[in-house]
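According to this note's numbering, the sequence shown is numbered sequentially starting from 26. Yeah, the Cβ is synthetic: ideal placement off N, Cα and C, and Gly gets one too. To start, the structure itself, in structure tokens.
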Amino acid sequence: MLLQSSQVPPEGAEELLIINLIYQGRYAEAYLLLKTETPQRPAGMFNLALCFYWLGSYRETLVCLDKAQMLLAIDRGGISLNSDNFYKAIREKQNLADEYKLPLTSKYIALFGELAKDNITRLKTDCWLQLEVYQKVIEIATPIAHKNYKNIDDALQIAKERI
Numbered sequence: 026m027l028l029q030s031s032q033v034p035p036e037g038a039e040e041l042l043i044i045n046l047i048y049q050g051r052y053a054e055a056y057l058l059l060k061t062e063t064p065q066r067p068a069g070m071f072n073l074a075l076c077f078y079w080l081g082s083y084r085e086t087l088v089c090l091d092k093a094q095m096l097l098a099i100d101r102g103g104i105s106l107n108s109d110n111f112y113k114a115i116r117e118k119q120n121l122a123d124e125y126k127l128p129l130t131s132k133y134i135a136l137f138g139e140l141a142k143d144n145i146t147r148l149k150t151d152c153w154l155q156l157e158v159y160q161k162v163i164e165i166a167t168p169i170a171h172k173n174y175k176n177i178d179d180a181l182q183i184a185k186e187r188i
């Protein structure tokens, strides 16, 4: 429910409000809504992690990302990610961007669970890099290095140079 609202919002309305708040840079307001969310959901925990990440609280970010990973089912089904050449070309270009720092919806996670897991891993990698725990960067990032995400490639290069 939207913070003590007398009207029951349509399903997903609060989630969309939270996402809009994050896009608008209103992390404090998004944080308040996310902290009261029950039950906890992977999208909510990921979006809460974005609030902590924006603040520079990387350890709190990691705690939220760990919870999001635990809440995310191992096999969620969804849409095949190897659909056609245009998708692959778009995906390759998108892998060079910072879209993993954008909020997620429950529907996105249901349809694109594998990509949601990658977003979690990418943000965790950034946190460990900021904390200068390079062995953890290598441990977390290496399993998805073959996907050619720019931040993963960059983080692995930095971590290997500093160890």
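- The residues P67, A68 and A141, in chain order, have a CB closer than 6 angstroms to that of I134 in the same chain once the five nearest residues on each side in sequence are set aside.
- Burial of M70 is indicated by the presence of at least 16 other C-beta atoms within 10 angstroms of its C-beta.
- Counted as a single uninterrupted DSSP element, the alpha helix (DSSP H) harbouring N144 occupies residues G138 to Q155.
- The distance from the Cβ of I163 to that of L181 is about 7 angstroms, consistent with a contact at the 8 angstroms cut-off.
- For T86, the enclosing alpha helix (DSSP H) covers residues Y83 to L96.
- Looking at Y52, N107, I43 and L121, the one whose alpha-carbon comes closest to that of E62 is I43.
- The Cβ neighbour count for G81, taken over all protein chains shown within 10 Å, is under 16; the residue is labelled exposed.
- Taking a cut-off of 8 angstroms for Cβ pairs, the stretch 141 to 152 and the stretch 72 to 87 touch, as three or more such pairs fall below it.
- With fewer than 16 other Cβ atoms from the protein chains shown falling within 10 Å of its own Cβ, L106 counts as exposed.
- Straight across, the Cα-Cα distance linking A166 with I104 is about 24 angstroms.
- Shortest Cα-Cα distance from N176 to any of N120, Q160 and L87 involves N120.
- In this structure, the alpha-carbon of K118 lies about 35 angstroms from that of P64.
- Setting aside the 5 residues that flank it on each side, R187 is surrounded in the same chain by E157 and Y159, each with a C-beta closer than 8 angstroms to its C-beta; the list follows chain order.
- Looking at the backbone, the Cα of R84 and that of Q155 are separated by about 10 angstroms.
- G69 sits in a helix when the DSSP states are folded into three classes.
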